[in-house]
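Quick note: the sequence shown uses the numbering used here, first residue 206, plus one each step.
C-beta atoms are modelled at their ideal positions from N, C-alpha and C, and glycine is treated no differently.
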Amino acid sequence: MRKVSAKPEFHKLSMREYDVLFNLRICPGGRSRLVDLNRYLLISQPSLSRMVTRLEDKGLITREADPTDQRAMQLSLTPKGLAVQQEIGREHVKHIYEQIGTALSEDEFIQLQQLTSKLRSAIQ
């Protein structure tokens, strides 16, 4: 993880900030309440709240009232946030491949994907 976090793409945003953008991007409808988003992150809810404020200040995410619960807010990516997430994501995938791309054969990568999907399904 140290090697990954030291890559140039994480000079713009930290890995944790990128993780927030990535998870917002894959949420159904591109929106999530803070409490729901927090289920997918390795960060405390108070830390996530502060991070959301920083990302909002940078113009990367927006908060809107949740139409189903007036006490809650929904988070979503701004167009700028989506662009930053995609830019960092492309570089991140390239660097991950550089580090582990030759370690497994194509069949082993397929098997790894199947196993991780199975594990993800088991914990959801």
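Hey, would you say residue i sits closer than 8 angstroms to residue j, going by beta carbons?
i, j, result
"Q279", "R230", "no"
"K285", "L260", "no"
"V209", "M256", "no"
"L317", "L324", "no"
"I248", "R221", "yes"
"I305", "E214", "no"
What is the rounded straight-line gap between the Cα of residue i and the Cα of residue j?
i, j, result
"V298", "K217", "16 angstroms"
"S254", "R295", "26 angstroms"
"D312", "T283", "38 angstroms"
"Y302", "T258", "32 angstroms"
"S219", "D274", "31 angstroms"
"Y245", "T307", "29 angstroms"
May I ask you to report which of helix, strand or coil DSSP gives residue i?
i, result
"R268", "strand"
"L246", "coil"
"S322", "helix"
"A327", "helix"
"M206", "coil"
"A277", "strand"
"L229", "helix"
"L282", "strand"
"S219", "coil"
- Is the segment 268-285 touching the segment 225-241 in the sense that three or more CB pairs, one from each, lie closer than 8 angstroms? yes
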